[in-house]
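Report on one structure; see the data block that follows.
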Amino acid sequence: MNLVRSELLKIRTTSTWWWLAIAAFLSIALAFAFNAWVANETLNGNAEELGVTGDQASAAAQAANLYTSGQYLGLMFVMLIGILMVTNEFFHQTATTTFLATPRRTSVILSKLVAASLLGIGFWLVTTLIDLAAGAVFLSANGHGTLLGEWAVQRALLLNLLAYAIWTVLGIGIGTLITNQLGAVITAAVLYLVGTQVVGLLFMLLSNLLNSEAVVKWQVIWPAIASTVMVSEGQTDFTPAWWVGALVLIGYAVVSGVAGVLITRRRDIS
Numbered sequence: 000m001n002l003v004r005s006e007l008l009k010i011r012t013t014s015t016w017w018w019l020a021i022a023a024f025l026s027i028a029l030a031f032a033f034n035a036w037v038a039n040e041t042l043n044g045n046a047e048e049l050g051v052t053g054d055q056a057s058a059a060a061q062a063a064n065l066y067t068s069g070q071y072l073g074l075m076f077v078m079l080i081g082i083l084m085v086t087n088e089f090f091h092q093t094a095t096t097t098f099l100a101t102p103r104r105t106s107v108i109l110s111k112l113v114a115a116s117l118l119g120i121g122f123w124l125v126t127t128l129i130d131l132a133a134g135a136v137f138l139s140a141n142g143h144g145t146l147l148g149e150w151a152v153q154r155a156l157l158l159n160l161l162a163y164a165i166w167t168v169l170g171i172g173i174g175t176l177i178t179n180q181l182g183a184v185i186t187a188a189v190l191y192l193v194g195t196q197v198v199g200l201l202f203m204l205l206s207n208l209l210n211s212e213a214v215v216k217w218q219v220i221w222p223a224i225a226s227t228v229m230v231s232e233g234q235t236d237f238t239p240a241w242w243v244g245a246l247v248l249i250g251y252a253v254v255s256g257v258a259g260v261l262i263t264r265r266r267d268i269s
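End of the sequence shown sits at 269 in numbering that gives the first Met the number 0; the numbers just go up one at a time, nothing left out.
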């Protein structure tokens, strides 16, 4: 726990997380405005015009979407925090001191994983409280109530918590793989923002080539898409069930955590 507290202190005493928190708040505001418009159109009978079909057109599905607004960019921000927790050690040349003070490198990485997860949970808590307040007002004003008693909504909130915790772990894994801070941040951001769009396009092209819509569902193997799927209600021609996204993301977390420990134990620190 002393190691965990020290990792939290390193983040808390820098301004980086403040900038990321501000960016996350702005992304929530934009995402909520868009999701509120989609929910309003969907619940007023214009779902087909927006391409919203099946269970995703239900009030519970739209509520779940509102209450998890800002997840897409929010997950990228907590991933960057995880990356910085590792790369800061090399950027500021404190890695040697850290490992001399705590020779068991596994303990150091595990403490970073725990601290990162706690930060991810903290981000989830703050963003969710904002979404809950705004979403409850919006839904109640439109005569639907808060819908917080619906299991689909509760499940989306809980899985969103899991997503925030996992993406900080993924950030730690990326940081151990690419120790150059600028390189790690740019690579991760590009893969997250651009890579997600490229993967979606490739699977759409592959679907057209094979004349099978089922192929599109396999894009869930990309972690950013898996995160979106796991908080969505209902299965469509383009997305699998929510539990598939959850399993994919958990798998990435396990592999990332193990890889981070193994790489750090064998790396020459000088």
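Backbone N, C-alpha and C define an ideal beta-carbon position, used for all residues, glycine too.
Exposure of Glu48 is indicated by the presence of fewer than 16 other C-beta atoms within 10 angstroms of its C-beta. In this chain, Met0 is not harboured by any alpha helix (DSSP H), its DSSP state being neither H nor E.
Within 10 angstroms of the beta-carbon of Pro102 lie fewer than 16 other beta-carbons, which makes it exposed. Burial check for Met0: the Cβ neighbour count within 10 Å stays below 16, so the residue is exposed. Distance check between Ala135 and each of Thr238, Trp18, Ala35 and Thr263 places Ala35 closest, using alpha-carbon atoms only. A contact is defined here as three or more CB-CB pairs under 8 Å, and the region 118-127 meets this definition with respect to the region 155-167. Ranked by Cα distance from Gln196, the options Ala223, Ala183 and Leu209 are led by Ala223. Short of 8 Å from the beta carbon of Leu8, and not among the five residues preceding or following it, lies no beta carbon of its own chain.
Contact between Gly172 and Ala38 does not hold, since the beta-carbon distance rounds to 35 Å and is not under 8 Å.
Taking 8 Å as the cut-off, the beta carbon of Ala115 is found closer than this to the beta carbon of Gly81. Taking one beta carbon from each stretch, the region 19-29 and the region 61-79 have 3 or more pairs nearer than 8 Å; the two touch.
Contact annotation: Leu65 and Phe31 have beta-carbon atoms nearer than 8 Å. Secondary structure note for Ala151: its alpha helix (DSSP H) is the uninterrupted segment Trp150 to Leu176. Just so you know, the alpha carbons of Val214 and Thr93 end up roughly 47 Å apart.
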